[in-house]
Amino acid sequence: MGPLSNPLDQRLLDKTLHLFKRNGLDLPRDQQKLFHEIQLKITELENKFIQNINESVVTLSFTLSELDGCSQNFINGLAKKIEKDAEGREQTKYIVNLKPPELKSLLQNAHMESTRKTVLTASHSRCKNENLPLFKEILKTRQQLAQLLHYDNHANFMLSQNMCKNLENANQFLYSILNPLKPMLHQELEKLLEIKKKTCEKNHWPFDQKLHLWDIGYYEQIMKDEEYSVDDKKISCYFPVEKVIDGILELYQEILHLKFERVETELWHKDVMMFAVYDNHSIPEGQKGENIGFMILDIFPRDGKYSHQCVMPLAPSYVDDKNQQNIPVVVIIGNLTKSTKDSVSLLKHSEVITFFHEFGHVMHALCTKSKYSRFSWSWTAIPYPVGIEMDALEVPSQMFENWIWDSKVLKRLSCHYETKEKLPDELITAICKTRHINDAYKYSRQIFMSLFDLKVHSNIDVETISEVWETMQKEYTSIETIPNTAFLCSWYHLSMGYDAGYYSYLWSEVYSHDLYTKFAESTRGGCLDTDLGYDYRKKILEPGANEDFVVLMENFLGRPPSNKAFLKYLNINQ
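Anchor point for the sequence shown: position 396 equals 514 in my numbering, and the numbering is continuous, going up by one each time.
Listed below in structure tokens is the structure:
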């Protein structure tokens, strides 16, 4: 059978046949049975690994003095119990759990090093006894499945369907960022160590001349307070939630040549809103263009609701058997506090970024125009097979994040909830300076974890993985692992579809900066260049997975993508 006349039909056929092969359909009958047995075993092991993490409840208790440095609001929110000390005297203990908000607050603010060490050691020891043997078995079983499908290792099996394509490309990409970061990392850690030394001398604390994992967040916070003078509470006064949401919707309409119109209809809760989305390119004022989709905003919390922020497709873009284009429907789920008549809900700058990013996914979903639903935008926990590549899905939204660091955009989105003034220039400058705090350490740690993920999925001796983690962490971040811990045992990603895929977070960020260069270099308004925004919509968002994402980037950029823009963003000379 020769190639099909329609390239999109041929693409669907090729992708579907590849998917069939990945699921063992071209194996002999006896091996197909083995394939399904191995696949079932992997699923059971992964589910158990995740279940252990979800069911893990670790609490610690501290005296008030051990929580010195933490805010009164934080302490007031902790449960208490009465215990007797070593001498039989009653004392009040405050109970903390290891959930991210409390963990972050303790690591950033607790003055006592022993408190921070205890907390982080407990966090990095979660599920060690249960999940370390499970993870080793998962690795062995994944390797067995990859070899059955004629791949040399699980990493190449997973990467074959991504932009990255193979293990060699993934490693090369990561080292191309890691190596230029090394001098910068050394400078950052030296600076933190000097801050630690001065802080210890000032408070008459012992100084051991080393930075530990439990030191990073604490001394970084001191540096931020002393050198950047960013008052998050003061800044949030300029971001009342309703004003921000209205401003973000207005901005996306303008940039992408769209029009949003509220639809009054019955939904699952009175706070949920639906909008019809119309093409607004070259449409006379007062008229509406083509209806390209519907978006639903479910952005305020309520009992029993999913507690994280995400975007979910409800209906894809596709052409039906009557040759009619079916338009997409997408919902953005959030948990932003709603203002009341008695209080105004104010957002942190980081929360504005998160909402802007997630709304970028909404735009990607709604602007997609595809013949086949498989090539429509998708995002659940992991992408649809044969759809937009896993390491490409975050690129468009991460590109949009750059808007929330632009002074013109910050002015537009801000409005002091009392004075109605825009965010002043000095606060904008302070916000933007914080963007690069300890970049080298942040990215070096991300690269270390990505390289570890690839390494353990490349057919190594699974009995060595703890030693591999310790060696790689020290080599790539210059910070030692806490003895007798195993962070990887509570690391969700490697059992939730990101196995041999953790690199994709950085991959997406690097290429998002490359795409943004077109806006940054525009002489027609920079990131507010609406002609360029429409070009981005047509060349990046609309095609979905109709073509490989690297082709879409080349079409928009007019050249092959590279990491040069990202290195420039990090102020690394090339």
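All C-beta atoms in this analysis are idealised placements derived from N, C-alpha and C, irrespective of residue type, glycine included.
Rounded straight-line distance, which links the Cα of residue j to that of residue i
i    : j    : result
G651 : H375 : 8 Å
S680 : Y629 : 7 Å
K139 : K133 : 10 Å
A414 : I450 : Per the sequence shown, the amino acid found at residue 414 is Ile instead of Ala. Approximately 6 Å between the Cα atoms of the pair.
E286 : N215 : 41 Å
E344 : E338 : 10 Å
V348 : K573 : 39 Å
I313 : K342 : 11 Å
V668 : M281 : 7 Å
L196 : L224 : 12 Å
E598 : S425 : 33 Å
D617 : G505 : 18 Å
K352 : K540 : 13 Å
L496 : I471 : The sequence shown places Ser at residue 496, not Leu. So the two alpha carbons sit approximately 21 Å from each other.
F261 : P542 : Note on identity: in this sequence residue 261 is Gln, with Phe being the wrong assignment. Whole-angstrom Cα-Cα distance: 56 Å.
E248 : N321 : 41 Å
P419 : H229 : 33 Å
D203 : Q209 : 7 Å
D421 : Q149 : 48 Å
I200 : S189 : 21 Å
A548 : I193 : 29 Å
S278 : H154 : 20 Å
H136 : F493 : 15 Å
Y61  : H482 : Not covered by the structure: residue 61. The range shown for the chain is 119 to 692.
W587 : Q371 : 46 Å
I658 : H554 : 27 Å
Q692 : F412 : 45 Å
H304 : Q327 : 15 Å
Y490 : V437 : 6 Å
A683 : H631 : 6 Å
Closest Cα partner of residue i within the set the options
i    : options                : result
S179 : L263, A638, T236, E205 : T236
S294 : E360, A638, E173, L624 : L624
N289 : S596, Y621, Q157, I690 : Y621
E255 : R420, Q209, T582, V359 : T582
D364 : R380, D350, C355, K352 : R380
P298 : D421, K199, Y561, A197 : Y561
D333 : R260, Y269, I168, Y559 : Y559
G478 : E512, S457, K682, V447 : E512
L158 : T259, I417, C355, E519 : T259
F393 : E382, M590, P402, D148 : E382
H387 : K406, E368, K423       : K423
T552 : I522, D571, E536       : I522
E565 : L531, L296, L311       : Reading the sequence as shown, one finds Ile at residue 565 and not Glu. Closest by alpha carbon: L296.
V448 : L331, A433, P402       : A433
S232 : W323, F605, K459       : W323
Q591 : N602, F570, H575       : F570
T161 : L367, G615, L292, S640 : G615
E507 : L329, D666, T455       : D666
L145 : C355, L266, L131, Y212 : L266
S468 : S640, L484, C550       : C550
C355 : L143, L531, N141       : L531
V580 : L250, G335, L367       : L250
Residues that residue i bridges to, as DSSP identifies them
i    : result
V527 : Looking at the DSSP assignment, V527 forms no beta bridge with any residue, so it has no partner.
Q209 : E201
T177 : N215
M230 : Per DSSP, none; premise fails for M230.
V381 : M392
M430 : V449
G376 : Just to set this straight, residue 376 is Leu in the shown sequence, not Gly. Bridge partners of L376: D397.
Own chain residues within Cβ distance below 7 Å of residue i, not counting five before or after
i    : result
D127 : none
A264 : N271, H272, F275
A240 : V176, L178, L216
N520 : Y634, C645
Cβ neighbours of residue i in the same chain (closer than 8 Å, five flanking residues each side left out)
i    : result
E672 : P678, P679
I690 : P298, L299, M302
A499 : Unreliable placement is indicated for A499, whose pLDDT of 48 sits below 50; no coordinate value is reported for it.
L257 : H272, V574, H575, V580, I583
Chain-order list of residues whose beta-carbon lies under 6 Å from that of residue i (same chain, five-residue window excluded)
i    : result
C533 : K361
I171 : C245, S608
V462 : P358, Y535
G407 : Y396, D397, N398, I401
D524 : C645
is_contact[residue i, chain B] using C-beta, thresh 8 Å
i    : result
K352 : Chain labels in this structure do not include chain B; a single protein chain is all it has.
Every unbroken alpha helix (DSSP H) within the stretch 251 to 291, with a cutoff of 4 residues, ordered by chain: 272 to 277
Which parts of the stretch 436 to 486 are runs of the alpha helix (DSSP H), unbroken and 4 residues or longer, counting only runs that do not cross its ends? 467 to 485
Contiguous beta strand (DSSP E) assignments of at least 3 residues, all confined to the stretch 396 to 422: 409 to 416
Which runs of the alpha helix (DSSP H) fall wholly inside the stretch 310 to 371 and span at least 4 residues, in chain order? 331 to 341, 350 to 354
Quick check for students: name the residue ranges of the alpha helix (DSSP H) that lie wholly in the stretch 554 to 597, counting only runs of 4 or more. 557 to 574, 583 to 595
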